[in-house]
Every structure is written in C-alpha cells, then in structure tokens.
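Encoded as structure tokens, the structure appears first; notes follow it.
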Amino acid sequence: MSKAFFDELHIIDLMAALSQGRQSEYHTPLDIDKIRAAALISQNRHWDI
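Heads up: the sequence shown begins at 3 in the numbering used here, then just goes up one per residue.
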C-alpha cells in the first residue's frame, strides 16, 4: 500500500477522533475497523474516476 493511503488513513482517524470529541488512542478496535473500511472505500472511489 502506498504512503498516501496511510496518510489518508491517519487523517480519517484523526478526523473521526475529533468529531467524537476524543483522542484517537481511545478508539475501540471496532472503531478502527470502521475507519479503515471507510478509508478503503474512499481509496477505491479515487480509482473509479
């Protein structure tokens, strides 16, 4: 996977943490899985253009 993918994943994780009013370290594993799934979906959309 590309560095850009992981950069995007980190940004999504940070945004999710901020929107929930807590630090990313406090995400449960399920939260992380949801964020990663969303990142994969958004990554795939880039290829569909």
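Just so it is clear, CB atoms sit at the ideal spot from N, CA and C, and this is done for glycine as well.
The structure presented is a predicted model; accordingly, all values stated were derived computationally and were not measured.
Taking 8 Å as the limit between beta carbons, can you name the residues of its chain near residue i, skipping five residues before and five after?
i            : result
glutamine 45 : Phe7 and Glu10
alanine 40   : Ile14
Pull up the distance between the alpha-carbon of residue i and that of residue j, whole angstroms please.
i             : j            : result
leucine 42    : lysine 36    : 10 Å
isoleucine 13 : lysine 5     : 12 Å
alanine 2     : aspartate 33 : A question about residue 2 goes unanswered here, because the residues of the chain that appear run from 3 up to 51.
Skipping 5 residues on each side, what residues in its chain have a beta carbon closer than 7 Å to that of residue i?
i           : result
arginine 38 : Leu11
Residue i: buried (16+ other C-beta within 10 angstroms of its C-beta) or exposed?
i             : result
isoleucine 51 : Reliability fails at isoleucine 51, whose pLDDT of 49 lies under 50, so the model's placement of it is uncertain and no value is given.
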